[in-house]
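Beneath this line is the structure, given in structure tokens, with notes to follow.
Number of protein chains: 2
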Amino acid sequence: MATPKTDNNKIKQRDFIALARLISGIENLDEQALGLADELYLEPKYSHVIGITGLPGAGKSTLVNQLISHLVKADKTIAVLAIDPTSPFTGGAVLGDRIRYHGSEKSEGKVFFRSMASRGHRGGISNATADILHVFNAARFDFVIVETVGAGQLEVDIAYLTDTLVNVLTPEAGDDIQAIKAGIMEIGDIFVINKSDLPGADRKQAQLQMMLADVKLQSSEEQTWQIPVLKTKAENGEGIVELLKMITSHTQVQSPQKQSGRIQREILDCIHCRLSTITDRSNDPEWWNQARLLVADRKITPHQAAQLFLQTHKFGLPDKQ
Amino acid sequence: MATPKTDNNKIKQRDFIALARLISGIENLDEQALGLADELYLEPKYSHVIGITGLPGAGKSTLVNQLISHLVKADKTIAVLAIDPTSPFTGGAVLGDRIRYHGSEKSEGKVFFRSMASRGHRGGISNATADILHVFNAARFDFVIVETVGAGQLEVDIAYLTDTLVNVLTPEAGDDIQAIKAGIMEIGDIFVINKSDLPGADRKQAQLQMMLADVKLQSSEEQTWQIPVLKTKAENGEGIVELLKMITSHTQVQSPQKQSGRIQREILDCIHCRLSTITDRSNDPEWWNQARLLVADRKITPHQAAQLFLQTHKFGLPDKQ
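So the sequences go chain by chain: A and B.
Using my numbering, you'd call the opening residue of the first sequence number 532 and step up by one each time.
Using my numbering, you'd call the opening residue of the second sequence number 532 and step up by one each time.
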């Protein structure tokens, strides 16, 4: 077995096998892996983290492939983390049929790809994502792309981990704008209308620009960022160069406040994860059998059962508030 | 001030003002309200809880209005809980423009409507929902309808609180089927293709039936439930009678296993909520300022900060695992 130090040196040398192994360890909540990842947090900030979000069918994967292809040509290194929801019925990821970047000779050793299931994740998906992003940063990838499928709490939780959030829409459905208005989907730093050859692209662009006119993101005391609305056709690469330029200019306007809020959320996530892990580990089937029966018979309430659990499993509560 | 006992009697008498007040208390994490709601859990199971889910724009609200209208005619009492995502930018719910059931004379005192924001909910939305459903049950509403907007972790968390989950799709977009396949949207006990006059309804019905052919939900040792795919046109009420019949027949096939799993999840939710509430309350701005700076400067890691938090705020961890 490699010692921790060796492994972390391999990570810093961007060794793909060591990376894959460490990430699996993080996913499996392996103590040693979590310890290594935590150590790597102390490396200076290097990677620019791009989040790609949008409803299913928006063409996010194709867009990601195009971004990778352009970045490889520019001699950049890229790590991709695709967060796949898995079906409770098939138990597997459904993204196998999607086009994935098949490395060219030029890309060898430059593009690291990893997908991760978002459901049934014991340790909390945003916690694992944060740890993995620290690992990628320590491996000094120029760009890290986090692709999330769907819209929902997951996106909200992961959005705060990215430097630049790109929200991918299509001209077709009105569902995406409704989801943004409803706060189901994060607003994003950059909007993209993909499949822009379809009818309605210009109308949607205008609609979004109007909606965003009042939303100027304060990025620092002097700077504000006017959220742009770009059109792309990921299928043939149209608009990708413009999108990359916009992502690069967004790098320049990272705000210290955003950074500070992000850190607070990450610490809070770690606190909650730590507490959840403890409750999940206190696996006591006999206790649970009894509790389930008592609650089912309405002898005690779920809250009383929760209180009993915390008492039985010796959680000391704070002495005073 | 009314004593707890009085208030709970008012709830059992289905007093709308007492109901509204108690639910507000639950939302605000008011200790007394939470205690009252908890007491009400001990009332026997009465209400049939119907969940209505689907992507934005599927026509869920119109469908809910139709269901209410039919149930009122059948002399039933109904409580509706609409879980509205609120935008982080407007700060308000966006559902104001949607058609809402405007009671007829006949419906007076029979239909209780409440909406609840899903974002920024300190105590955990699924926890509050569970408590509110217990209150509705104690008030002996014949039917409780929980309507959730969007697809995501929220639906997954709330699905387990319903007896019958109705998943509303439209003939138009392929997004909904993709979301189900991806496990973003729960599979549901009943599928509805709403707006069934639009082209593609029959094709979508066939597509879904094929997809669901292998998914027989084991509802008890003897019984299985073959998930039906119905067509509705909520706008003019087409198919609503059939949907209600299907919901009623699903009442007959509730499984004890499902019930037991649901109770376990509800207890776990209460445990996590209790722990989160404690961490959130230990609000210590000075500690947080220092921690944020140390983490921002990469002097300590977020996990180390989390550990420090738990030590500083005197969380006793279990003596041994």
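Glycine residues also receive a C-beta, built at the ideal position from the N, C-alpha and C atoms.
Bear in mind that the values here come from a model prediction, so they are computed numbers and not experimental data.
Taking the continuous alpha helix (DSSP H) assigned at residue i, which residues delimit it?
i: A:Lys604; result: 591-604
i: A:Glu817; result: 816-827
i: B:Thr782; result: 771-782
i: A:Thr660; result: 656-669
i: A:Lys735; result: 732-743
i: A:Asp569; result: 562-571
i: B:Ser555; result: 547-558
i: A:Leu839; result: 833-843
Taking the beta strand (DSSP E) that residue i falls in, what are its first and last residues?
i: A:Thr755; result: 755-757
In chain A, what lies closer than 7 Å to residue i by C-beta?
i: B:His834; result: Asp569, Cys801
i: B:Val826; result: Ile794, Ile798
i: B:Ala837; result: Ile798, Cys801, Ile802, Arg805
Please confirm if residue i has its CB atom under 9 Å from at least one CB of chain A.
i: B:Met572; result: A quick correction: the sequence has Tyr, not Met, at residue 572 of chain B. Judged by the 9 Å Cβ criterion, B:Tyr572 is in contact with chain A.
i: B:Glu791; result: Residue identity check: residue 791 of chain B is Ser in the sequence provided, not Glu. Yes, contact with chain A.
i: B:Gln597; result: no
i: B:Pro575; result: yes
i: B:Leu565; result: yes
i: B:Ala661; result: yes
i: B:Tyr632; result: Only weak support is given to the placement of B:Tyr632: the predicted model assigns it a pLDDT of 49, under 50, and the question is left unresolved by the model.
i: B:Leu761; result: no
i: B:Leu586; result: yes
With a threshold of 9 Å between beta carbons, is residue i in contact with chain E?
i: B:Gln740; result: Given the protein chain composition of this structure (A and B), no chain E is represented.
Which chain B residues sit within Cβ distance under 9 Å of residue i?
i: A:Trp819; result: Gln795, Ile798
i: A:Arg829; result: Tyr572, Leu573, Glu574, Pro575, Lys576
To which residues does DSSP link residue i through a beta bridge?
i: A:Phe722; result: A:Asn698, A:Val760
i: B:Met647; result: B:Ile614
i: A:Thr584; result: A:Asn698
i: B:Glu678; result: B:Ile583, B:Ala613
When you compare the CB of residue i with every CB in chain B, is at least one pair closer than 9 Å?
i: A:Pro702; result: no
i: A:Gly627; result: Interpretation of A:Gly627 is limited by its pLDDT of 36, a score under 50 that renders its predicted location unreliable; the figure taken from the coordinates is listed afterwards. Not one chain B Cβ lies under 9 Å of A:Gly627.
i: A:Phe840; result: yes
i: A:Leu612; result: no
i: A:Leu692; result: no
i: A:Asp733; result: no
Can you list the residues of chain A that residue i reaches, using a CB-CB cut of under 9 Å?
i: B:Ala822; result: Ile794, Gln795, Ile798
Counting beta carbon pairs with one atom in the stretch 596-614 of chain B and one in the stretch 663-679 of chain B, are three or more of them shorter than 8 Å?
As far as the Cβ criterion goes, the stretch 663-679 of chain B touches the stretch 596-614 of chain B, which means the pair count is three or higher.
Does the stretch 587-597 of chain A come close enough to the stretch 655-674 of chain A that 3 or more CB-CB pairs lie under 8 Å?
Inter-segment contact for the stretch 655-674 of chain A and the stretch 587-597 of chain A is absent: fewer than three beta-carbon pairs are separated by less than 8 Å.
For the stretch 736-746 of chain A against the stretch 769-777 of chain A, are there 3 or more C-beta pairs whose distance is under 8 Å?
no
With three or more C-beta pairs closer than 8 Å as the rule, is the stretch 558-575 of chain A touching the stretch 825-836 of chain B?
yes
Mind the definition here: the stretch 714-734 of chain A touches the stretch 763-774 of chain A only if three or more C-beta pairs lie below 8 Å; say whether that holds.
yes
Inspect the CB distances between the stretch 791-803 of chain B and the stretch 791-810 of chain A and report whether three or more fall short of 8 Å.
With contact defined as three or more Cβ pairs closer than 8 Å, the stretch 791-803 of chain B and the stretch 791-810 of chain A are in contact.
At least three beta-carbon pairs within less than 8 Å, the stretch 688-702 of chain B to the stretch 572-583 of chain B
The stretch 688-702 of chain B vs the stretch 572-583 of chain B: in contact.
Sufficient close CB pairs (3 or more, under 8 Å) joining the stretch 601-611 of chain A to the stretch 638-649 of chain A:
yes
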